[in-house]
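Protein chains in written order, with our numbering: chain A, 1 to 193; chain B, 1 to 193.
2 protein chains.
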Amino acid sequence: MDIKTVCAGLLTFGEASGYEIKKLFEDGTFNGVYDASFGSIYPALTRLAEEGHVVCREQEQHGRPDKKVYSLTPKGRAHFVAELSRGIQPDRVRSEFAIATIFAHLLPRDVIVAYVDQQIAEYRAALVRLDEAECDPSSEMTNLQFAIGLGRAQLNAALAFMESRRALLEAAAVPPQQETAVEARAVPGVKHA
Amino acid sequence: MDIKTVCAGLLTFGEASGYEIKKLFEDGTFNGVYDASFGSIYPALTRLAEEGHVVCREQEQHGRPDKKVYSLTPKGRAHFVAELSRGIQPDRVRSEFAIATIFAHLLPRDVIVAYVDQQIAEYRAALVRLDEAECDPSSEMTNLQFAIGLGRAQLNAALAFMESRRALLEAAAVPPQQETAVEARAVPGVKHA
DNA sequence: TCGATATATGTCGGGCCGATATATGACGGT
DNA sequence: ACCGTCATATATCGGCCCGACATATATCGA
Numbered sequence: 001m002d003i004k005t006v007c008a009g010l011l012t013f014g015e016a017s018g019y020e021i022k023k024l025f026e027d028g029t030f031n032g033v034y035d036a037s038f039g040s041i042y043p044a045l046t047r048l049a050e051e052g053h054v055v056c057r058e059q060e061q062h063g064r065p066d067k068k069v070y071s072l073t074p075k076g077r078a079h080f081v082a083e084l085s086r087g088i089q090p091d092r093v094r095s096e097f098a099i100a101t102i103f104a105h106l107l108p109r110d111v112i113v114a115y116v117d118q119q120i121a122e123y124r125a126a127l128v129r130l131d132e133a134e135c136d137p138s139s140e141m142t143n144l145q146f147a148i149g150l151g152r153a154q155l156n157a158a159l160a161f162m163e164s165r166r167a168l169l170e171a172a173a174v175p176p177q178q179e180t181a182v183e184a185r186a187v188p189g190v191k192h193a
Numbered sequence: 001m002d003i004k005t006v007c008a009g010l011l012t013f014g015e016a017s018g019y020e021i022k023k024l025f026e027d028g029t030f031n032g033v034y035d036a037s038f039g040s041i042y043p044a045l046t047r048l049a050e051e052g053h054v055v056c057r058e059q060e061q062h063g064r065p066d067k068k069v070y071s072l073t074p075k076g077r078a079h080f081v082a083e084l085s086r087g088i089q090p091d092r093v094r095s096e097f098a099i100a101t102i103f104a105h106l107l108p109r110d111v112i113v114a115y116v117d118q119q120i121a122e123y124r125a126a127l128v129r130l131d132e133a134e135c136d137p138s139s140e141m142t143n144l145q146f147a148i149g150l151g152r153a154q155l156n157a158a159l160a161f162m163e164s165r166r167a168l169l170e171a172a173a174v175p176p177q178q179e180t181a182v183e184a185r186a187v188p189g190v191k192h193a
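Listed below in structure tokens is the structure:
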């Protein structure tokens with residue numbers, strides 16, 4: 001599923017500009033589910049307009065730059081539903097924090113401690129954003145509450161695990177006084193299965 | 001963190017070929033944490049060799065094509081530790097399943113049911129792979145067990161939520177007899193905050 | 001013998017990210 | 001009054017990475 005399709009999906013909830021779509025990815029409906037940069041969103045909207053899947057309307061604003069508001073056409077809506085019905089790819093995760101934990105035995109302890117604190121802060125922030133999204137009046141739909149509940153269940157489980165086991169991870173890291181010694185030590189060529 | 005750095009990290013556990021690194025992404029150490037295609041791995045190993053971070057050794061095999069086995073140099077190891085200590089980016093998730101649930105009210109019920117079944121099957125398969133990784137003799141390190149435990153906690157939470165609430169989601173989808181009627185219906189232009 | 005599967009490496013087009021440029025106006029500090 | 005910072009808003013561009021394809025060897029079952 002490409003960015004064009006995802007943008008079209010967001011527009012089923014109502015018209016929006018490229019900037020507003022970016023904000024929805026960051027703290028709105030798609031928080032923690034999907035993500036796209038301006039460098040993807042603006043070209044995607046241009047191509048959607050060329051294909052007749054959206055129409056563009058320029059809107060003047062007072063005290064702010066003008067914006068281009070895009071609306072989904074019936075053709076675009078039908079195409080989105082067809083694309084989403086065609087099948088979905090498995091979840092794709094990219095966790096640099098998980099990589100850091102796997103190599104914790106190579107990192108100074110204070111670095112690992114900082115990473116754990118940072119990760120816990122991000123989990124908490126994501127939970128707050130989900131709470132806000134649930135209070136949103138547009139979330140009366142049971143299916144949006146399902147998506148929010150699934151995210152919250154995973155975040156709470158991750159938080160509970162991290163807070164109860166972080167000492168084990170930090171103990172595996174390199175203690176401050178051994179830091180230089182370890183970096184100079186020869187590497188045992190351990191084979192992995 | 002680019003693919004080069006992640007490949008270098010895997011090589012701290014011992015020498016490996018590009019093909020073996022791909023398998024480690026799929027069902028080994030990095031299962032559910034990171035992912036890379038052959039189109040990224042092979043050029044990454046070539047560039048790592050050019051930079052002197054790995055050395056390459058060609059190995060003949062009986063009953064199989066030859067392979068190129070890469071080993072991390074001390075320079076490459078030091079560079080990897082420095083890169084990983086420089087800071088980490090927040091987790092990035094791309095869940096087409098979550099998108100499908102958000103738009104469940106636009107999809108036929110049988111499509112949603114199939115997607116839920118598929119997602120549950122993927123969660124279970126990921127749990128099995130984590131169990132195998134934990135039994136692996138190389139996972140005596142407490143930090144690798146931490147990463148596995150974190151993944152398992154999130155997967156179990158997601159599974160429990162899906163199995164107890166899937167009926168709510170499926171009820172929000174389009175019932176079979178109303179399918180054509182809904183697609184022809186006019187779209188109310190609902191604004192999102 | 002034919003196709004399927006597994007092992008193994010590589011290229012290439014195109015999609016997407018991150019950085020950068022540009023512009024307007026609000027707000028607070030000196 | 002002036003300046004920097006922040007938020008709003010759009011757009012481009014280099015480069016990284018994915019997915020598809022090409023290529024090759026060998027085993028196994030139909």
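We put the beta carbon where it would ideally sit given N, CA and C, even for glycine.
For my contact list, residue i and residue j are in at a C-beta cut-off of 8 Å; report their separation, rounded to the angstrom.
i                        : j                       : result
glutamine 89 of chain B  : glutamate 96 of chain A : 5 Å
isoleucine 99 of chain A : tyrosine 34 of chain B  : 6 Å
valine 174 of chain A    : arginine 109 of chain A : 6 Å
Within a Cβ cutoff of 8 Å, which residues of the same chain sit near residue i, ignoring the five residues on either side of it in sequence?
i                         : result
leucine 130 of chain B    : Asn31, Gly32, Ile148, Gly151, Arg152, Leu155
lysine 191 of chain A     : Confidence is the limiting factor: at lysine 191 of chain A the pLDDT is only 42, short of 50, which leaves the residue's position unreliable and the question unanswerable from this model.
glycine 189 of chain A    : Per-residue confidence for glycine 189 of chain A stands at a pLDDT of 39, beneath the threshold of 50, marking its modelled position as unreliable; no derived number is given.
glutamate 60 of chain B   : Asp66
methionine 1 of chain B   : Glu83, Leu84, Ile88, Gln89
lysine 201 of chain A     : The requested residue 201 of chain A is not part of the displayed model; chain A covers only 1 to 193.
glutamate 132 of chain A  : Asp27
methionine 162 of chain A : Val116, Gln119, Ile120, Tyr123
Mind checking whether residue i and residue j have CB atoms under 9 Å apart?
i                            : j                           : result
alanine 44 of chain B        : isoleucine 3 of chain B     : yes
phenylalanine 146 of chain A : phenylalanine 80 of chain B : no
lysine 68 of chain A         : glycine 18 of chain A       : yes
threonine 142 of chain B     : leucine 169 of chain A      : yes
threonine 12 of chain A      : arginine 77 of chain A      : yes
serine 71 of chain A         : glutamate 15 of chain A     : yes
valine 54 of chain B         : alanine 82 of chain B       : no
isoleucine 120 of chain A    : leucine 159 of chain A      : yes
valine 116 of chain A        : arginine 57 of chain A      : no
lysine 23 of chain A         : serine 37 of chain A        : no
glycine 52 of chain A        : threonine 73 of chain A     : yes
Between residue i and the rest of its own chain, which residues show a CB-CB distance below 7 Å, the 5 nearest in sequence each way excluded?
i                      : result
alanine 186 of chain A : For alanine 186 of chain A, the pLDDT reaches just 44, beneath the cut-off of 50, and the residue's location in the model is therefore unreliable, although a value from the coordinates is still provided. So the list is empty, once near-sequence residues are dropped.
serine 40 of chain B   : Ile3
alanine 184 of chain A : Note on alanine 184 of chain A: pLDDT 47, under 50, position unreliable in the model; the coordinate value appears next. Answer for alanine 184 of chain A: no residue qualifies.
threonine 5 of chain A : Phe80, Glu83
Tell me which residues share the same chain as residue i and place their Cβ nearer than 6 Å to its Cβ, disregarding the 5 neighbours each side in the sequence.
i                        : result
histidine 105 of chain A : Ala172
alanine 157 of chain B   : none
glutamate 20 of chain B  : none
leucine 127 of chain B   : Leu155
glutamate 134 of chain A : Ile148
So which residues of chain B does residue i contact, with C-beta pairs closer than 9 Å?
i                        : result
glutamine 177 of chain A : None at all; the shortest Cβ gap to chain B is about 17 Å.
At 8 Å on the CB atoms, spell out the chain A contacts of residue i, in chain order.
i                      : result
proline 108 of chain B : Ser85
leucine 169 of chain B : Thr142, Asn143, Phe146
At 8 Å on the CB atoms, spell out the chain B contacts of residue i, in chain order.
i                         : result
isoleucine 102 of chain A : Gly9, Thr29, Phe30, Val33, Asn143, Leu144, Ala147
isoleucine 99 of chain A  : Met1, Val6, Gly9, Phe30, Val33, Tyr34, Leu84, Ile88
serine 17 of chain A      : Neighbours of serine 17 of chain A on chain B: none; closest Cβ ~13 Å, over 8 Å.
Is residue i near the ligand FMN, judged by its Cβ being under 8 Å from some heavy atom?
i                      : result
glycine 151 of chain B : For the structure depicted, the ligand FMN is absent and the ligand set is empty, with no information on it obtainable.
Could you tell me which chain A residues have their CB closer than 9 Å to the CB of residue i, listed as they occur along the chain?
i                        : result
glutamate 122 of chain B : Pro90, Asp91
Strictly below 7 Å CB to CB, what residues from chain A border residue i?
i                        : result
glutamate 134 of chain B : What glutamate 134 of chain B touches in chain A: nothing, since even the nearest Cβ is about 13 Å away.
valine 111 of chain B    : Ser85
arginine 165 of chain B  : Phe146, Gly149
Which residues of chain B have a Cβ atom closer than 7 Å to the Cβ of residue i, listed in chain order?
i                        : result
tyrosine 115 of chain A  : Ile88
arginine 129 of chain A  : Those within 7 Å of arginine 129 of chain A in chain B number zero; the least Cβ separation is about 13 Å.
glutamate 96 of chain A  : Met1, Ile88, Gln89
glutamine 154 of chain A : Gln154, Ala157, Ala158
**Request:** Using a Cβ-Cβ cut-off of less than 9 Å, give me the residues of the stretch 75 to 91 of chain B that come near chain A, in sequence order.
**Result:** Arg77, Ala78, Phe80, Val81, Leu84, Ser85, Gly87, Ile88, Gln89, Pro90, Asp91
**Request:** Check each residue of the stretch 21 to 54 of chain A: if its Cβ is closer than 8 Å to any Cβ of chain B, include it; give the result in chain order.
**Result:** Leu24, Gly28, Thr29, Phe30, Gly32, Val33, Tyr34, Asp35
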